[in-house]
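Protein sequence lines correspond, in order, to chains P and G.
To convert, note that position 65 of the first sequence is 205 in our numbering; the numbers rise steadily by one, no gaps.
To convert, note that position 14 of the second sequence is 18 in our numbering; the numbers rise steadily by one, no gaps.
Beta carbons: idealized from backbone N, C-alpha and C, even for Gly.
Computed from a predicted model, the values in this text were never measured in an experiment.
First the structure, in the form of structure tokens, and then the observations on it.
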Amino acid sequence: MTSNLDTRAASAGDRRRTRAYLAEFVPGIVAYVLLLSAALLWGGFDGTSPTRFAWALLPVLPMIWIAIAVLRHLHRLDEYQRTRTLTGLGAGFAVAMLASIALGILQSAGFELEGSGFWIYGIGMATWGVSAAVAGRR
Amino acid sequence: MRNDLRRRREERSWTQAHLADLLDVSRQTVNALETGRYDPSLPLAFRIAALFEAPIEAIFEPDGADVDARR
Numbered sequence: 141m142t143s144n145l146d147t148r149a150a151s152a153g154d155r156r157r158t159r160a161y162l163a164e165f166v167p168g169i170v171a172y173v174l175l176l177s178a179a180l181l182w183g184g185f186d187g188t189s190p191t192r193f194a195w196a197l198l199p200v201l202p203m204i205w206i207a208i209a210v211l212r213h214l215h216r217l218d219e220y221q222r223t224r225t226l227t228g229l230g231a232g233f234a235v236a237m238l239a240s241i242a243l244g245i246l247q248s249a250g251f252e253l254e255g256s257g258f259w260i261y262g263i264g265m266a267t268w269g270v271s272a273a274v275a276g277r278r
Numbered sequence: 005m006r007n008d009l010r011r012r013r014e015e016r017s018w019t020q021a022h023l024a025d026l027l028d029v030s031r032q033t034v035n036a037l038e039t040g041r042y043d044p045s046l047p048l049a050f051r052i053a054a055l056f057e058a059p060i061e062a063i064f065e066p067d068g069a070d071v072d073a074r075r
């Protein structure tokens with residue numbers, strides 16, 4: 141049974157934690173998009189210069205920032221949210237590892253997949269999202 | 005584990021969000037506690053008991069599965 145006291149509105153603490161997370165996460169994503177665009181535009185990926193590898197790794201720097209933002213957010217979460225988030229992260233990690241092994245073996249057998257690293261990343265992130273949502277519904 | 009958090013909260017005319025702020029947890033956590041989807045840690049159970057000025061065992065009681073696990 142629900143009442144008018146059962147609104148789904150976020151608490152002040154929820155809003156404060158979300159603001160703190162976004163304040164750290166959003167600059168990381170913006171920097172990632174900017175550096176990725178710069179790398180694709182000026183990195184010379186089709187060339188032979190060794191500097192193209194430095195350009196290729198440039199967008200990884202803001203990803204480190206983002207990873208730290210996620211870890212800091214984990215510390216801000218309460219025990220229930222942290223359990224849910226870590227369950228999702230664990231599932232995402234396990235599936236990403238499985239996908240990595242499967243693709244590695246397939247590539248050894250001659251299978252070719254363009255941008256396999258991005259596929260593994262996407263599979264892991266998608267699993268994280270889905271399993272966190274499922275954990276929250278239980 | 006069963007609990008009567010919802011009744012105690014509604015007696016005080018508190019929203020879930022307000023109770024969440026008083027306990028320093030998220031509103032989702034309060035909802036999960038009230039619906040029995042999540043059993044709190046001992047520190048959180050003590051915070052809840054202190055807030056409602058009642059012993060933990062007056063707010064939380066074991067259900068069948070908890071009793072079976074103790075045997």
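(1) Using only the alpha-carbon positions, how far apart do G230 of chain P and I204 of chain P sit?
(2) Determine the closest residue to P199 of chain P out of P:G187, P:S177, P:R148, with distance taken between C-alpha atoms.
(3) Which bits of chain P does L48 of chain G rub up against, with CB to CB less than 7 angstroms?
(4) Residues in its own chain within less than 8 angstroms of R192 of chain P by CB, not counting five upstream and five downstream?
(5) Closer than 8 angstroms by beta-carbon distance: list the chain G residues that pair up with T225 of chain P, in chain order.
(6) Rounded C-beta distance between G153 of chain P and S30 of chain G? I'm assuming under 8 angstroms.
(7) Given that a residue counts as buried once 16 or more other Cβ atoms are within 10 Å of its Cβ, and exposed if not, what is S47 of chain G?
(8) In whole angstroms, what is the alpha-carbon distance linking V274 of chain P and G232 of chain P?
(9) How about T267 of chain P: is its C-beta nearer than 7 angstroms to some C-beta of chain G?
(10) By a C-beta neighbour count over all protein chains shown, 10 Å radius and 16 as the cutoff for buried, is R3 of chain G buried or exposed?
(11) Taking buried to mean at least 16 other C-beta atoms within 10 Å of its own C-beta, is E38 of chain G buried or exposed?
(12) Three Cβ pairs or more, each shorter than 8 angstroms: is that satisfied between the stretch 212 to 225 of chain P and the stretch 252 to 266 of chain P?
(13) On the CB-based measure, 16 or more other CB atoms within 10 Å of its CB, does T267 of chain P come out buried or exposed?
(14) With 7 angstroms as the threshold, decide whether the Cβ of L145 of chain P is near any Cβ in chain G.
(15) How is F113 of chain P classed by DSSP in three states: helix, strand or coil?
(16) Please state whether the Cβ-Cβ distance between A160 of chain P and P202 of chain P is less than 7 angstroms.
(17) Is the CB-CB distance between Q20 of chain G and N7 of chain G below 7 angstroms?
So, to answer that:
(1) For the purposes of this step, residue 230 of chain P is taken as the residue at position 90 of the first sequence. For the purposes of this step, residue 204 of chain P is taken as the residue at position 64 of the first sequence. If I take the Cα positions, the gap works out to 19 angstroms.
(2) Position 59 of the first sequence, counted from the first residue, corresponds to residue 199 of chain P. The candidate whose alpha carbon is nearest that of P199 of chain P is P:S177.
(3) Sequence index remark: in the second sequence, residue 48 of chain G carries index 44 (1-based). The answer, in chain order, is E219.
(4) Mapped onto the first sequence, residue 192 of chain P falls at position 52. Closer than 8 angstroms at Cβ, skipping near neighbours: G183, G184, F185.
(5) The residue labelled residue 225 of chain P in the question sits at position 85 within the first sequence. By Cβ distance, chain G contributes nothing, its closest Cβ being about 11 angstroms from T225 of chain P, past 8 angstroms.
(6) To locate residue 153 of chain P, count along the first sequence from 1; it is residue 13. To locate residue 30 of chain G, count along the second sequence from 1; it is residue 26. Their Cβ separation, rounded to whole angstroms, is 7 angstroms, which keeps G153 of chain P and S30 of chain G in contact under 8 angstroms.
(7) As a position in the second sequence, residue 47 of chain G is number 43, starting the count at 1. Rather than Ser, the amino acid found at residue 47 of chain G in this sequence is Pro. When all chains shown are included, P47 of chain G counts as exposed.
(8) Taking the first residue of the first sequence as position 1, residue 274 of chain P is located at position 134. Taking the first residue of the first sequence as position 1, residue 232 of chain P is located at position 92. Straight-line Cα distance between these residues: approximately 13 angstroms.
(9) For this step, residue 267 of chain P is matched to residue 127 along the first sequence. By this cut-off, T267 of chain P is not an interface position.
(10) Absent from the structure is residue 3 of chain G, since the part of chain G shown begins at 5 and ends at 75.
(11) Residue 38 of chain G sits at position 34 when you count from the first residue of the second sequence. E38 of chain G comes out buried.
(12) no
(13) Position 127 of the first sequence holds residue 267 of chain P. The residue in question, T267 of chain P, is buried, as its Cβ has 16 or more Cβ neighbours within 10 Å.
(14) Translated into the one-based positions of the first sequence, residue 145 of chain P becomes position 5. Output row for L145 of chain P: interface = yes.
(15) Nothing in the structure corresponds to residue 113 of chain P, since chain P is present only between 141 and 278.
(16) The count along the first sequence starts at 1 and reaches residue 160 of chain P at position 20. The count along the first sequence starts at 1 and reaches residue 202 of chain P at position 62. Not a contact, by the Cβ cut-off of 7 angstroms.
(17) Your numbering for residue 20 of chain G matches position 16 in the second sequence. Your numbering for residue 7 of chain G matches position 3 in the second sequence. Their beta carbons are not under 7 angstroms apart, which means Q20 of chain G does not touch N7 of chain G by this criterion.
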